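Protein chains in written order, with my numbering: chain S, 49 to 622; chain G, 49 to 622. Please read the structure below before turning to the comments.
Protein chains: 2
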Amino acid sequence: MNEREILTEYVYQMVAALVQAGVENVVVSPGSRSTPLAYAFASTKQLHMYRQVDERSAAFFALGIAKATVKPVVLLCTSGTAAANYFPAIVEASYARVPLIVITADRPHELREVGAPQAINQPNLYGSHVKWSVDFPLADNAAPTLPFIERHIARAVAIATSAPFGPVHINVPFREPLLIDFRDELPETAFKQSRMAQLMPSKIAQQELSSILRASERGFVIIGELPLGTDLTIMWDFVRQLKWPVIVESLSNMRTSVPEDCLPYIITTYDAIMKSDEFKALVKPDTVLRFGAQPVSKFIMQFITNSQPTAYIVVDEDPMFRDASGVSTHFIHAELGEWLTNLDISDTALDAQYLAEWQDANDIALEYIEHYSEAAVDEGAMVSRLLRFIPNGSDIFVSSSMPVRDIDTFLMATPKDIRIIANRGTNGIDGVVSTAMGFSQGNNRETYLLIGDLAFLHDINGLIASRYQECNLTIIVMNNDGGGIFSYLPQSTVEAHYEDLFGTPTALEFNDIAQMYEMDYIRVEDISELSEKFTTVKTRSLRLLEIFTDREENVYAHRALWNRINAGLKAWQS
Amino acid sequence: MNEREILTEYVYQMVAALVQAGVENVVVSPGSRSTPLAYAFASTKQLHMYRQVDERSAAFFALGIAKATVKPVVLLCTSGTAAANYFPAIVEASYARVPLIVITADRPHELREVGAPQAINQPNLYGSHVKWSVDFPLADNAAPTLPFIERHIARAVAIATSAPFGPVHINVPFREPLLIDFRDELPETAFKQSRMAQLMPSKIAQQELSSILRASERGFVIIGELPLGTDLTIMWDFVRQLKWPVIVESLSNMRTSVPEDCLPYIITTYDAIMKSDEFKALVKPDTVLRFGAQPVSKFIMQFITNSQPTAYIVVDEDPMFRDASGVSTHFIHAELGEWLTNLDISDTALDAQYLAEWQDANDIALEYIEHYSEAAVDEGAMVSRLLRFIPNGSDIFVSSSMPVRDIDTFLMATPKDIRIIANRGTNGIDGVVSTAMGFSQGNNRETYLLIGDLAFLHDINGLIASRYQECNLTIIVMNNDGGGIFSYLPQSTVEAHYEDLFGTPTALEFNDIAQMYEMDYIRVEDISELSEKFTTVKTRSLRLLEIFTDREENVYAHRALWNRINAGLKAWQS
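Pasting the structure below:
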């Protein structure tokens, strides 16, 4: 075989192994060093190839596809800082537990660390933020090469897709010339399949924990964002059986599509009612059970830390279990579904009055929130109304910072079928547009993105993807001209440097960018226009709905709502 | 002292140490965790604080200021993926050898790796791509804390600013509450100054090398981008004394402000003349001396590799010296100026005929290039004309990919005072707008940016900086709708997938973005409009000159020029 044939075999063997391992989607950024693999991806009909010029956005786009499809997604870029641009999305994928197969093309060994152009030290580039990293050999005629490649691709995908999911990194050096021969068919793979272990809870854990749960008189469950692909029917069976108050963050997707018999146990207003000292005194728990990621609300977490329950049990797939409270007493290492289906909680000792306190407080808060949605005119009220306008069967991708908090405040338990998705691995405001666009590509449902002006601006390059593939997404930008979340923090009490360091207004509006990208643009000046304007949103294309709100008004309105709920809870208790 | 007083002392001691070490500029991105330091920066009159919301752009902006000022620049961001967004610019700073002091705010130890929001594993986040990394202790009352901080700040700046320059990373955890008391005066620093060693060439190296240079009959010097702050008067003295052909890349800044008596030795058309096999046979060297980074032109580097000179001497400040040719024979570890001023090259054996061959070929190529500049209508000809229009005393920041190559082709040796700057550490097309904007901030000369449409789009967020500080930069976008450089690579001979993977046209134009950012916008449809339109460019503001060119036409025109030069050299030799 000549060099070109050897290179051709090498890259198609990689692609065959990726396809064999279940990869369906690849996101490619243009570059020269990655040419052999880019050609192989583009010419393989089993793969769907997406494109995005900005590698930072490309990686978040891939993250979005992986979130929607619950399958590993491949990234490919050229050598140099292109690879460094993947870093923010890789970090997010690591903490959000999303399977990304990051492939970086590299210079051959003789061009590494010798001042060659576009060459950086790429092996282990992402440090502790990938589950695994491997540096591939150059394409050659040696017998071990193709078998090695095939099995290391299989290994990479297996690692990325075993619990907890996460990103892996494959660094692939290519020597010039970079051209290959196109092939219509992929080669056979000798390696057939990785069958990974399931993380079963230990027997003793099941027994011990079943006893603790059965004996508890004042327990609650708190559920944050669940692992990708969690089967919610198991969750609902558990809620039904346990009959405890279940505090669900909106990202758990257990506020929507709620089965009727589970509705009484679902507590959604925890952020509001946890601001009431009287209520907190009333519901001091003996047992707390936590699943999933840390919830958005600080107040519920502070409540747990301060109340120091006798048993605070965290279930996690990762030995690096997530508990920032510092008061956990039990850690169960297991896949959630495996643990829940093996519990014995047929007969619990829960105090009926304790459950009623939660339910009553939740109902009171709900009433205030519903009235607020009708009467108020701020950003929160707008989010609340949008939740009504967005049709059944849709998904909402929610930006970090204020949108995720507004959704958590205003999304009530409902049988309506809407899913809430966000980048909450590291809570960044970066890459949000791209992740939503990738999500909408992998999703067969209508997708909406709710985002603030700074987060939209931060990833405005997410829109470049729309130049390379048909995109369908309604982007709802809440433009309050700056960083709205800081108005809720102690920094807002200090006048000096506030706008410079925290408010950071840009005075930008986004009609021009909509025009540049040929998006439909709808401008909403205030809440009175919202309903009518929303009906003009067309689906099956890329659109921008820009809603103008006022940072000061928003925080004032929010605080007034919390005060009313607090007063309501006081009146109820006396 | 209470917690707030302790925190106040801690951050002002950091700032005092930074100021004491010579830091003048800081670039801050908004965030909560970084609040104590951000307050301290904002309230310190000895520091100039710049702001940028997008951390990727912020880091390149800081890189640009450091390049212009030849001084360390501080970056500050909050915890989480904000810090990961710095990575591309840090990698560039590492290979381009630019002193950045990267400060990332972090969560306190009890909130690390426990699922707390916006917390990622930050110590050593940038791996091998910083010269040094340190994780600071929390603010406390212990006696060792402030002395440690003060000296580690001094150490960080000393490491970043000793040859070779580079980025360092300081990770600083803060525990809530994050508010401090503002101070008008900085505290005293007990630590006064780091005095770093100079990298003097060893005596034996001076003697040996002087002998080699004196004995050489067929030698040339090749000079790429020189270390930041290189004193060019020493370089010119060397050129004068040595009297060898000196091949200067445009980024060496030895094509402009050329002293008259040095002009005869300066060879600028090496990329063109190295395409002639006849010429290469004529000037096979016995000795090559190389300074600075690897030059843009592949052809000159291939010539060196293929001709295997008896002595190929690389001078570098870094033991990781830059030589991708694989034929180097001597490495001199020293600061360039120290080495040059101590050489004894008063009387060299250079063959006068050999020098004349270089000079004649260069003159022939120059003539064709000058004629081309008058007659041709493509992107290259436009760049060539822009070089004439841009006034004396200006600087041109040049994007990687085609602009840097066009400048290298068309910028001839001239007494005119223009400097050429680029991000050539890793040759990325990312962060170029931001680096140029940062450069123009640190620069007291009029600055122009020459950039292609994809690179402009990649870092369009560089423009956000203009919302937070007065910016003065003329951005000249060569819009050829996609990746022009690939047309020169072997990939362009393969029709299949070419536009999808390499051309990647977006069909975007930038008048809307100019409007969004309130920039002056000038549209140039073809070269006939260039001269007149260029005169309408106003200075002292942010402007966009968008020039439309055609990818196919550009490559055709370039090739025609090279063929004519090749034919001209053939005719001359026969």
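Ideal placement from N, C-alpha and C gives every residue a C-beta, glycine not left out. Being a predicted model, the structure only gives us computed values, none of them experimental.
Taking a Cβ-Cβ cut-off of 8 Å, the neighbours of residue 563 (chain G) in chain S comprise 560, given in sequence order.
Non-local C-beta neighbours of residue 402 (chain S) in its own chain, meaning closer than 6 Å and more than five positions away in sequence, comprise 266, ordered along the chain. Listed in chain order, the non-local C-beta contacts of residue 218 (chain S) below 6 Å within the same chain comprise 151, 182, 204, local neighbours out to five positions each way being set aside. Taken in chain order, the complete beta strand (DSSP E) segments of 3 or more residues contained in the stretch 323-380 of chain G are 335-339, 359-364.
The criterion of a C-beta distance shorter than 8 Å is not satisfied by residue 495 (chain G) and residue 513 (chain G). Of the residues S:424, S:503, S:74, the one whose Cα lies closest to the Cα of residue 79 (chain G) is S:503. One finds 474, 475, 476 in chain G with Cβ atoms closer than 7 Å to the Cβ of residue 128 (chain S), taken in chain order. When secondary structure is reduced to three states using DSSP, residue 490 (chain S) falls in the helix class.
Put simply, of G:288, G:354, G:508, G:140 the residue whose alpha carbon is nearest the alpha carbon of residue 310 (chain G) is G:288.
Residue pairing for residue 217 (chain S): DSSP places it in a beta bridge opposite S:150, S:181. Of the candidates G:257, G:142, G:161, G:142 places its Cα closest to the Cα of residue 213 (chain G). If you draw a straight line from the Cα of residue 187 (chain S) to the Cα of residue 77 (chain S), it comes to about 22 Å.
Around the beta carbon of residue 58 (chain S), 16 or more other beta carbons lie within 10 angstroms, which makes this residue buried.
By the neighbour-count criterion, in which a residue is buried when 16 or more other Cβ atoms sit within 10 angstroms of its Cβ, residue 279 (chain S) is exposed. Shown here for residue 465 (chain S): same chain residues with a beta carbon closer than 7 Å to its own, the five before and five after excluded, namely 304, 305, 440, 441 in chain order.
Nearest Cα to residue 522 (chain S) within the set S:557, S:592, S:474: S:592. The bridge partners DSSP lists for residue 446 (chain G) are G:470, G:498. Three or more beta-carbon pairs separated by less than 8 Å link the stretch 130-140 of chain S to the stretch 106-114 of chain S, which places the two stretches in contact.
Judged by DSSP in its simplified three-state form, residue 519 (chain G) adopts coil rather than helix or strand. When DSSP assignments are scanned along the stretch 204-268 of chain S, the uninterrupted stretches of beta strand (DSSP E) that are 3 or more residues long and fall wholly within it turn out to be 216-221.
DSSP places residue 319 (chain G) in the uninterrupted alpha helix (DSSP H) bounded by 318-321. Contact annotation: residue 230 (chain S) and residue 87 (chain S) have beta-carbon atoms nearer than 8 Å.
Residues of chain G with a Cβ closer than 7 Å to the Cβ of residue 405 (chain S) do not exist; the shortest Cβ-Cβ separation is about 28 Å.
Burial check for residue 437 (chain S): the Cβ neighbour count within 10 Å stays below 16, so the residue is exposed. Taking C-beta atoms as the reference points, residue 299 (chain G) and residue 277 (chain G) fail to come closer than 8 Å. Take the alpha-carbon of residue 264 (chain G) and the one of residue 163 (chain S): they are about 26 Å apart. Taking 9 Å as the cut-off between beta carbons, none of the residues of the stretch 304-322 of chain S comes near chain G.
The beta-carbon distance between residue 451 (chain S) and residue 498 (chain S), rounded to whole angstroms, is 4 Å. This is short enough to meet the 8 Å contact definition. For residue 606 (chain G), the uninterrupted alpha helix (DSSP H) run begins and ends at 599-621, by DSSP. Residue nearest to residue 154 (chain G) within the set G:147, G:168, G:348 is G:168 (criterion: CA-CA distance). Between residue 92 (chain S) and residue 234 (chain S), the CB-CB gap stays under 8 Å. For residue 108 (chain S), the enclosing alpha helix (DSSP H) covers residues 103-117. Identification of residues in the stretch 70-87 of chain G having a C-beta nearer than 8 Å to some C-beta of chain S yields 76, 78, 80, 83, 86, 87, given in sequence order. By the CB criterion at 8 Å, residue 127 (chain S) and residue 81 (chain S) fall inside the cutoff. The shortest CA-to-CA distance from residue 242 (chain G) to any of G:255, G:228, G:572, G:202 is the one to G:202.
For residue 411 (chain S), the nearest beta carbon of chain G is not closer than 8 Å to its own beta carbon.
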